[in-house]
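Count the sequence shown with the numbering used here and you get residues 260 to 532, in order. This report refers to the structure that appears directly beneath it.
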Amino acid sequence: MSLEQSVSQHYTHGGLEAALLEALKRGGKDIDALTYADLALVDEFHIGGRPATRALGEQIDLPAGATVLDVGCGIGGPARFFAAERGWRVEGIDLTAEYVAVAEALSRRVGMADKASFRQASATNLPFPDASFDSAYMLHVGMNIADKKAVFTEVRRVLRPGGIFGIYDAMRQGDGAFAYPVPWSSEPATNHIDTPDAYRSALAAAGFTVIKERDRRDFALQSMQQRVAQAGPPIGLPVVMGATAAQKLANMRSMIEAGVFAPREIIARAATP
Ligand SMILES: C[S@@+](CC[C@H](N)C(=O)[O-])C[C@H]1O[C@@H](n2cnc3c(N)ncnc32)[C@H](O)[C@@H]1O
């Protein structure tokens, strides 16, 4: 099985849309009158949820109407958020067919089918012409990708010169042992977490200049602390992550605490000719 098949298999749930709607109902939402904001409880699949998405977006200065690519869009939370709150025209691609179908279904459900679009594709082979986007972003996807230079080269190709590429990924901080499962991987074969240095080199080789970086470890720990403090119905990421959700979250938290990895933002600019 190829890496991409294994990654897609890792994320495939089999009945995700129904499980999410059920969880939202249990959480007191009227599933026939949902808004994109209600979905934030379930559709932001990265450390720190919607506040993390907002924080990354604050570093991408673009007007309404700008065309933006979401690399590894998952079930579409960040894409809907930016389409609704920033007025960007977002196109999301993702390897996992079920996620793309759920992203489309959720957008229809909240009346945003025309605001963000989704399609199944690999980040290493983007189905878009050269220079078709003003900007691109990627949240918690690079950990599944062995050849980051290949992806960044593709992103660079579809960006207009000078376009901003915002990355928010978990990155290696120290050499400590890695405990499985984590949300993005249940085995070493699908885990390609890398150091900030490796990202910088791959970005440079692909024609990007890094203009800003921010360590998000403290933000991550605070956000996980808040999550633990919030008692309530089982809503949110545990639904998306399936039966081993608790173990995935516990391993992730202890490795962040131990300095094995931490989420980090890297903002890069595509070279101008
Ligand atoms: C942890 S989820 C993050 C989803 C979304 N970015 C978010 O923050 O809500 C990682 C996503 O990356 C996608 N992915 C992993 N490798 C990919 C690749 N090579 N090309 C496209 N998508 C990929 C997975 O299918 C999954 O949806």
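Just so it is clear, CB atoms sit at the ideal spot from N, CA and C, and this is done for glycine as well. Being a predicted model, the structure only gives us computed values, none of them experimental.
Candidates the options: closest to residue i by CA position
i, options, result
"residue 394", "522, 499, 309 and 341", "341"
"residue 530", "390, 279 and 501", "390"
"residue 501", "264, 297 and 269", "269"
"residue 454", "405, 486, 481 and 448", "405"
"residue 429", "300, 450, 286 and 509", "450"
"residue 386", "481, 328 and 524", "328"
"residue 279", "377, 364 and 399", "364"
"residue 320", "346, 296, 299 and 371", "346"
"residue 336", "397, 326 and 384", "397"
"residue 481", "524, 312, 401 and 512", "512"
"residue 297", "435, 370, 458 and 468", "370"
Euclidean distance between Cα positions of residue i and residue j
i, j, result
"residue 379", "residue 338", "15 angstroms"
"residue 358", "residue 288", "21 angstroms"
"residue 443", "residue 291", "31 angstroms"
"residue 416", "residue 352", "15 angstroms"
"residue 555", "residue 423", "With the chain represented from 260 up to 532, any question about residue 555 goes unanswered, as that position is not in the structure."
"residue 332", "residue 360", "12 angstroms"
"residue 293", "residue 368", "7 angstroms"
"residue 505", "residue 284", "21 angstroms"
"residue 472", "residue 522", "11 angstroms"
"residue 448", "residue 463", "26 angstroms"
"residue 485", "residue 419", "39 angstroms"
"residue 409", "residue 264", "17 angstroms"
"residue 356", "residue 267", "8 angstroms"
"residue 520", "residue 433", "7 angstroms"
"residue 441", "residue 526", "25 angstroms"
"residue 438", "residue 305", "18 angstroms"
"residue 307", "residue 477", "11 angstroms"
"residue 388", "residue 310", "32 angstroms"
"residue 302", "residue 461", "29 angstroms"
"residue 275", "residue 532", "44 angstroms"
"residue 508", "residue 515", "11 angstroms"
"residue 277", "residue 495", "14 angstroms"
"residue 348", "residue 366", "14 angstroms"
"residue 295", "residue 524", "24 angstroms"
"residue 384", "residue 503", "31 angstroms"
"residue 315", "residue 376", "20 angstroms"
"residue 492", "residue 286", "Residue placement at residue 492 is poorly supported in this model, since its pLDDT is 47, which falls under 50; the coordinates are not used for a value here."
"residue 403", "residue 381", "11 angstroms"
Simplified DSSP state of residue i, which is helix, strand or coil
i, result
"residue 404", "coil"
"residue 526", "strand"
"residue 318", "coil"
"residue 511", "helix"
"residue 280", "helix"
"residue 420", "strand"
"residue 492", "Only weak support is given to the placement of residue 492: the predicted model assigns it a pLDDT of 47, under 50, and the value that follows is read from those uncertain coordinates. Three-state result, residue 492: coil."
"residue 439", "coil"
"residue 291", "coil"
Exposure label - residue i; buried when at least 16 CB within 10 Å
i, result
"residue 324", "exposed"
"residue 407", "buried"
"residue 425", "buried"
"residue 261", "exposed"
"residue 271", "exposed"
"residue 452", "buried"
"residue 535", "Only positions 260 to 532 of the chain appear in this structure, which leaves residue 535 out of reach."
"residue 466", "buried"
"residue 518", "exposed"
"residue 401", "buried"
Ligand 2 heavy atom lying under 7 angstroms from the CB of residue i
i, result
"residue 443", "Judged by which ligands are present, ligand 2 is missing from the structure shown, whose ligands are ligand 1."
DSSP beta-bridge partners of residue i
i, result
"residue 385", "Beta-bridge pairing links residue 385 to no other residue."
"residue 378", "352"
"residue 474", "523"
"residue 428", "523"
"residue 329", "351 and 396"
Within-8 angstroms CB hit, residue i to chain D
i, result
"residue 381", "In the structure shown, chain D cannot be found, because there is only a single protein chain."
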